[in-house]
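Below is one structure, written out as structure tokens, with a few remarks after it.
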Amino acid sequence: METPLKALPNTVSKELPYRCDSVAPHQEIRRVSVKDSTALPTLSALDFAAYYKNPIREAGKQERPENATPLPSNFSSEGFPMLDSVLFSEPEFLRSSEALAWEPFTRYLYAKGAGDSLSLLLRQIESFKWNQREVFADFQKVEKLYLVGAKENASWWVQVDPRSWTGKTPFWAKMKHRPSSAEIEAHRNYTTESLSLDAALDWAKSLAAYLYPTYNTDLEPHTPGAEWMGNRPFAVMRGNPMGEPLWVAFDVPAFRRATPETESTSPTKELVRKPDTTSAWRRQKLQELQGVCLETEKTLEFKQKLALILDSLPTDQNAWHANGMLWFRRNANSLLAKNFLEQDSLHNPLPRMLELKAYLDSLGIQLLVVPVPTKEAIYAERLVSGTEDTLCVDVAEVEFVRNLLEAGIDVLDIYPALRSAKAGDDEDHFSFQKFDTHWALSAELAALEEIAGKVASYSWFAESGATPGFLEMRDTSIVREGDLIQQLPTLEQSGFAPETLEVKKIYRKGKPYVGGKDSPILLMGDSFTGVFESVDGKSGGPASLLAFALGLDVQVMTSWGGGPGVRHRLVKDKKSLQSKRLVIYMMTARDFWHSPLEWDVF
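Pasting the structure below:
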């Protein structure tokens, strides 16, 4: 073990350091580190506040796994060949260096072209199993990352905290990996560039979206600076990783009195509500669905094989790799469903849809429901080898579409459109993201074409004041790390790089499009309404594309925690409902079956 002879810190001077305060059981506020009470936060400070010992992320991880055995008390460096100096007390010079959360920082490095070498090494530290490879959980966590020194004298240091159940103590170490010039430059930008309130709100949306598949996170409806538990945070995130909700709020003094930029809206004619009450379209769709996607010997065989795959996974593992894609356990589980209507009253979706329709009917607002088939349903032949490419395996979801139609609810079956989009796949482009639960551009466009066609067919649309051409479309691309990568065992995560995805962004008068609260159409639901819309490729999601196609403004309301939780937001936002002619309820078909989020009280 080597002890450094000379410390070369890059010091930081922050009058308001990071602090975390418990304000109530299961609720805490995180005070983001800033230079003073008027300073804007940096991305590094926000990320550290979000990741460092976050109770939502740490829930259940301090309990010893059933198949783990106690570790010896002595420390062995054999499992950490990437470390050069190991200390068992915190070096004084690290206390004046800014600590980083390594996961978001290394994603930032990759996005800025600095590679993933550092990320690979840090994952190796966390994934060392102390000769217990059968244990899925990590034995230790890289809690803090530091860049010490500058230029050729720079070095990476880490604080590693073993899980409490291991009986081992934290240690600090210098890494053998020397910081590259690209890493140093990215670090400088990451730790110095300030974020405005709007940028910080986008950060919060992205955080909730990124953590959702693992921790069931969502942002609470909250006005920046409004009172929350005796404080004035700018954002409040709720998570439910273990069946009990937890809340974490983020406070920046400069945001306590700030207000986001006013949402842009376009001038439209005042719309007279006259919902389309005809049933001819529903009868036609019911006829088209007769004999479609029924339970057969082949679908039962598929389910048996899929059940075996799921049973083979460690209990805590929520994703796995097969045939070039990552798969989500909850998505796959939904394909084993028999009948969505046989669920208990807290999870049966049909009564909840009927409640919503009755409420909107009383206001003269049209309702259109759009279940989004999962990637596992569209790519069943990749999910379970040997499955016919043409076999429809989402039997319960298609039956639920029939249930909704029979109950008098307009529901759009986009499964055929997504299958058609898949026919255009090639080695570089798939209709769904390979390592993510969400669609890529081709499937998104196919779905939006179906939705736009249905909306334009309503009897009131001709008098809606639609103005085609008031928006502009531009082609662009983004780099996105799939939300399923973090679901894998830590060591496997490094084998899946972020994807470069095509996005069609929508602009109004040169600015990214945002549909305001006075829009005549509301698109609400889960993360399928938000991906490419409010995170990643902003203004390139379903609401923006639908507005472009229809020539009408479309407001989006996203519940990152799942589609069942968005209805109460609709009811609370009564003022914006005054302008609405149509509410489109779009969410993954997975959450109609045993959603971890119960349907909210209406």
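Under this note's numbering, read the sequence shown as residues 1 to 602, first letter to last.
Every residue, glycine too, gets a C-beta built ideally from N, C-alpha and C.
If you're wondering where the values come from, they're calculated on a predicted model, not measured in any experiment.
Is the distance from the Cβ of A59 to the Cβ of D316 below 9 Å?
-> The answer is no: Cβ separation not under 9 Å.
Going by CA-CA distance only, name the one from L147, F80 and S97 that's closest to E126.
-> Measuring from the Cα of E126, the nearest candidate turns out to be F80.
Does the pairing of the stretch 532 to 547 with the stretch 197 to 212 give three or more beta-carbon distances under 8 Å?
-> Yes, they touch.
Tell me, please, whether the stretch 443 to 451 touches the stretch 469 to 488 by the rule of three or more beta-carbon pairs shorter than 8 Å.
-> Contact between the stretch 443 to 451 and the stretch 469 to 488 is absent, because fewer than three Cβ pairs lie under 8 Å.
Going by the CB atoms, is the gap between S44 and A114 shorter than 9 Å?
-> No, these two residues do not count as a Cβ contact at 9 Å.
Cα-Cα separation, P241 to G561 = C-alpha separation (whole angstroms): 11 Å.
Taking only the alpha-carbon atoms, compute the straight-line gap between P25 and M229 and give it to the nearest angstrom.
-> Spanning the two alpha carbons is a distance of roughly 11 Å.
What residue ranges within the stretch 542 to 574 form continuous alpha helix (DSSP H) runs of no fewer than 4 residues, ordered along the chain?
-> Counting whole runs of 4 or more residues, the stretch 542 to 574 contains the alpha helix (DSSP H) stretches 542 to 550 and 567 to 572.
Excluding the five sequence neighbours on either side, which residues of its own chain have a C-beta within less than 7 Å of the C-beta of P233, listed in chain order?
-> Taken in chain order, the residues that qualify are I29, A249, F250 and D251.
For I29, the residue or residues it bridges with in DSSP = Per DSSP, D21 and A249.
Closest by CA to F255, which one among L246, K285, T223 and A307?
-> For F255, the nearest C-alpha among the options comes from T223.
Go ahead and label T490 buried or exposed: buried means 16 or more other beta carbons lie within 10 angstroms of its beta carbon, across all protein chains shown.
-> Counting Cβ neighbours within 10 Å, T490 comes out buried, since at least 16 surround it.
Which partner residues of M524 appear in the DSSP bridge assignment?
-> M557 and Y585, per the DSSP bridge assignment.
Is A154 closer than 9 Å to I184 when the C-beta atoms are compared?
-> For I184 and A154, yes; Cβs fall inside 9 Å.
How big is the Cα-Cα spacing for L308 and T390?
-> Pairing L308 with T390, the inter-Cα distance amounts to about 22 Å.
Can you name the residues that DSSP bridges to N231?
-> For N231, which the question treats as bridged, DSSP gives the partners W228.
Cβ of S459 within 9 Å of Cβ of D276?
-> At a Cβ-Cβ threshold of 9 Å, S459 and D276 count as neighbours.
Grouping DSSP H, G and I as helix and E and B as strand, with all else coil, what is K269?
-> Note on K269: pLDDT 46, under 50, position unreliable in the model; the coordinate value appears next. K269: coil per DSSP, three-state reduction.
Taking only runs that begin and end inside the stretch 410 to 450, name each unbroken alpha helix (DSSP H) of 4 or more residues, in chain order.
-> Runs of the alpha helix (DSSP H) inside the stretch 410 to 450: 415 to 422.
Would you say the stretch 582 to 601 touches the stretch 554 to 568, given that touching needs at least three Cβ pairs under 8 Å?
-> Judged by Cβ distances under 8 Å, the stretch 582 to 601 makes contact with the stretch 554 to 568, as three or more pairs qualify.
D138 (DSSP reduced to helix, strand or coil) | In the structure shown, D138 sits in coil (DSSP, three-state: anything other than H, G, I, E or B).
Smallest Cα separation from G408: which of R419, R382 and A358?
-> Residue A358 is the option with its Cα nearest to G408.
Per DSSP, what kind of secondary structure is H187 in: helix, strand or coil?
-> Helix, per DSSP.
Is the beta carbon of V148 less than 9 Å from the beta carbon of L195?
-> Contact: no.
Apart from the five residues on each side of it in sequence, which residues of its chain come closer than 7 Å, Cβ to Cβ, to L405?
-> Exclusion of the five residues before and after L405 leaves R282, K285, L286 and V411 as the residues of its chain whose Cβ lies within less than 7 Å of its Cβ.
Classify F592 as helix, strand or coil using the three-state DSSP reduction.
-> Correct three-state label for F592: helix.
Contact with chain B by R95, beta-carbon distance below 9 Å | Protein chain content of the structure displayed is limited to a single chain, and chain B is not contained in it.
Element boundaries [beta strand (DSSP E), containing F328] | Counting along the chain, the beta strand (DSSP E) containing F328 begins and ends at M325 to F328.
Closest by CA to P65, which one among V372, L336 and W165?
-> Residue W165 is the option with its Cα nearest to P65.
Roughly how many whole angstroms lie between the Cα atoms of L313 and S73?
-> Each residue's Cα considered, the two are about 31 Å apart.
Measure the CB-CB distance between L246 and P55 and report whether it falls below 9 Å.
-> Yes, these two residues count as a Cβ contact at 9 Å.
Measure the Cβ-Cβ separation of L363 and K580 and say whether it is below 9 Å.
-> L363 places its beta carbon less than 9 Å from that of K580.
Looking only at C-alpha atoms, which of I485, V393, M175 and A258 sits nearest to L40?
-> For the residues I485, V393, M175 and A258, the minimum Cα distance to L40 belongs to A258.
Rank A182, I521 and G243 by C-alpha distance to the C-alpha of K112 and give the top, closest one.
-> It is A182.
Using beta-carbon positions only, say whether T588 and P371 come within less than 9 Å of one another.
-> Yes, the Cβ-Cβ distance between T588 and P371 is below 9 Å.
So, is S96 buried or exposed, given that buried needs 16 or more other C-beta atoms within 10 angstroms?
-> Under the 10 Å beta carbon count, S96 is surrounded by fewer than 16 other beta carbons and is classified as exposed.
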